[in-house]
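Structure, as structure tokens:
Below is the structure:
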């Protein structure tokens, strides 16, 4: 089963937008056992897109198109696909009503150009888009050499992903025959090289059917185990390997699959009926923001204080002016005080704090850029950690946020072991 | 002059690595007036690569290949290119000596596999690689339809970029004749369709040499103007169009090029010697986090309060319990109180606040999911805005953050008009 991914948009060709859609789709399809054989980016031109559709269906059985479904002149995917199949565009009255209602709810009338978004090539099946105005569409058919299929999805990543998972994947599944079992193990707080050393005993002697990939990010390293099982097998090798890796990497492992650190921490808090508050200096609110990305976070996130400047640390978190002067804002004492005070002030079970120099400038000889203190107060003690990071501001910020959430996660996991 | 970018590597197809090389090359080539017409990713297979080279030279004059020049079995670019031109690989003795010396300096002998890296297809010109063991290669030739060229570069981004700049660009320059001028205008607070209606008077009658693309995101719509100028022209059409668009879209335009909303707001505050504090409910710290993404933000961001639950709104922001009960946390009064209190409490020039229901659940009949109130206190008054958004939590959050920063930006811009 050969698959071509076809991404549409001038913004991709000139590098204004990086093609993360193709990366996500490649990863997702690999999980379904359908590794793409090629991915192509083409600009907003009907002629060029038609050429690429021809080439794609010459070499591939399945073509997945993303992008070019917006309401403007330069959105040509609908026209190109209709032209390729020699059919007309047809208004989907039901979908147009949905678009109109969406605008009405916001007190607006539907702009004439959005009408085009309710039109799809004749003979195609509408793929509803719950989050946007552009529906996708799908067509599959039989040929002498086997089944062929075309899926067309919007380029907005969130919309594309949901539609791929919920609507395209179930339609593709019957076309594929080679199951692949994948397990992703999520770690944080350990670098790629050290993780590799730690796992050498098991990864040094892998069976042929199994491979392991390291996927690093500022939030931690994910390990993806892939087992290309023969027909009828059920991925037991991958499962056994995942169990061994989890045992060896122990405390660094926080989850599997789509688990996020913020969701794992939230679930632990919810299960214990506990709450958290934050006192953030260098992260400027990013810890609170990430914690509350999880739906239902109000069950365990109370809030907190963004203490970016020293006067806020003094006024809202009662950090002593003297301590700030003597030890500096980036110090263990200040981190401890911030975490304990925000916990006491809000009545939360746990207080988390961050203070540091994210860079790219602002360091001193004693406290170079990348010097960070974080603290977690609660459960009868306050634990702290010092991080020594690089000079890249935004990457540093993500690493501080991850380390701070992980400090709480470990506290909760150890706590629950102690309680049990 | 049509250009195809051909990126080689299984890791790109399965999304293990995002194709940032193609994005960088697209941007770089656009600057040289050679926007790529297509970019293709292909796996580590001689046959598939040969097919793509054939297709590339059918539709394009210039093909730039990256990747597949490493020392291992799965690095097939050399073989595929040699096969495509029907020539043999030839050892470049001088380059091999360079590789050998590089290993010797580290006290190692050169591994046999690295010998292959000094071999390039016959008749090609070596492109030296100052930072790695794989040289690139280049070939240009005349055809009945004009000049053709092939550049092959390593996939390591740092090596590829230097070689592109220093060796490929000077060789490409004589082949191109059409400079391209690009201007990006950044807007927020207006949707793609309404923006198009607003700009219809000027975009409805564009000269042939100019095109405009809409690039939407939850943070706003960017407009990219591209002028394919004739020889000797200097992009005046694009500049004139940019001025007209900026006049028509007026208050929705916050910047150009790489400007970000947080940077624009920061620069305005800094220029006026003013400061800002935040009181965030539904955004959980995301406004503060984005403001402090900018290096040097400590000059104008004081901090603030994350008031996710009502008790924090009462305790740290003095919101009346009665108001919370009577009007609910998601109300104009509460937004006003939060913004004014955080400003007064921290001594900032401006206070920003957010309160709302981001979803996906938690709405009521009167206040459905997506109901948001934001406020900006300062400069002698408190302005508020009600947003009606969709049901997607994270997209809603980004839109609230953008709208909140924009509320302050407009206040600052109007203020400076009034002051002047």
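Chains as they are written, first to last, in my numbering: chain X, 18 to 437; chain U, 18 to 437. Every residue, glycine too, gets a C-beta built ideally from N, C-alpha and C.
- With a threshold of 16 other beta carbon atoms within 10 Å, residue 187(U) falls short and is exposed.
- For residue 142(X), the uninterrupted beta strand (DSSP E) segment begins and ends at 142 to 144.
- Restricting attention to 42(U), 116(U), 401(U), the CA atom closest to the CA of residue 53(U) is found in 42(U).
- Shown here, residue 211(X) sits in a helix according to DSSP, grouped into three states.
- Here the alpha carbon of residue 405(X) sits roughly 10 Å from the alpha carbon of residue 384(X).
- Residues of chain U whose Cβ lies closer than 7 Å to the Cβ of residue 326(X) are, in chain order, 315, 319, 320.
- For residue 98(X), there is no enclosing beta strand (DSSP E); the residue is part of the alpha helix (DSSP H) that begins and ends at 94 to 102.
- Scanning 201(X), 104(X), 40(X) for the CA closest to the CA of residue 239(X) turns up 201(X).
- Within the region 46 to 60 of chain U, those residues whose Cβ lies closer than 7 Å to any Cβ of chain X are, in chain order, 47, 52, 53, 54, 55, 56, 57, 58, 59, 60.
- What residue 312(U) touches in chain X, judged by beta-carbon distance under 8 Å, is 376, 377, 378, 410, going in chain order.
- For a cut-off of 8 Å, the C-beta gap from residue 18(U) to residue 83(U) is around 19 Å, too long to register as a contact.
- Among the residues of chain X, those whose CB is under 8 Å from the CB of residue 231(U) are 87, 89, 91, following chain order.
- Closest in alpha carbon position to residue 295(X), among 305(X), 339(X), 143(X), is 305(X).
- According to DSSP, residue 393(U) shares a beta bridge with 369(U), 400(U).
- Per DSSP, residue 114(U) has no beta bridge partner at all.
- When C-alpha distances from residue 299(X) are compared across 175(X), 373(X), 329(X), the shortest belongs to 373(X).
- For residue 137(U), DSSP records a beta bridge to 107(U).
- The CB of residue 131(X) comes closer than 8 Å to the CB of 210 in chain U, given here in chain order.
- Its chain contains 25, 66, 82, 84, 85, 86, 169 as the residues whose beta carbon lies nearer than 8 Å to that of residue 94(U), once the 5 sequence neighbours on both sides are disregarded; these appear in chain order.
- Within the region 169 to 209 of chain U, the runs of beta strand (DSSP E) at least 3 residues long that lie entirely inside it are, in chain order, 197 to 204.
- Straight-line measurement puts the Cα of residue 365(X) at about 11 Å from the Cα of residue 328(U).
- Where residue 294(X) is concerned, there is no enclosing alpha helix (DSSP H), although the beta strand (DSSP E) around it starts and stops at 293 to 297.
- Listed along chain U, no residue sits closer than 7 Å to residue 112(X) by beta-carbon distance, the nearest being about 16 Å off.
- Looking from the CA of residue 152(U), the closest CA among 181(U), 112(U), 128(U) belongs to 112(U).
- For residue 39(U), at least one C-beta of chain X is nearer than 8 Å to its own C-beta.
- By the Cβ test, the region 204 to 214 of chain U is not in contact with the region 391 to 400 of chain U, since fewer than three Cβ pairs between them sit closer than 8 Å.
- Secondary structure of residue 374(U) (DSSP, three-state): coil.
- With contacts defined as CB atoms closer than 8 Å, residue 23(U) and residue 69(U) qualify as a contacting pair.
- In this structure, the straight-line span from the alpha carbon of residue 376(X) to that of residue 386(X) is close to 5 Å.
- Secondary structure at residue 45(U): helix, using DSSP grouped into helix, strand and coil.
- Burial state of residue 397(U) is exposed, judged by a 10 Å Cβ sphere holding fewer than 16 other Cβ atoms.
- The beta-carbon of residue 289(U) is placed no less than 8 Å from the nearest beta-carbon of chain X.
- Residues of chain U whose Cβ lies closer than 7 Å to the Cβ of residue 329(X) are, in chain order, 319, 320, 363.
- Between residue 193(U) and residue 285(U), the alpha-carbon positions lie close to 41 Å from each other.
- In the displayed model, residue 414(U) falls within a helix according to three-state DSSP.
- Against chain U, the CB of residue 128(X) has a partner CB under 8 Å away; the residue lies at that interface.
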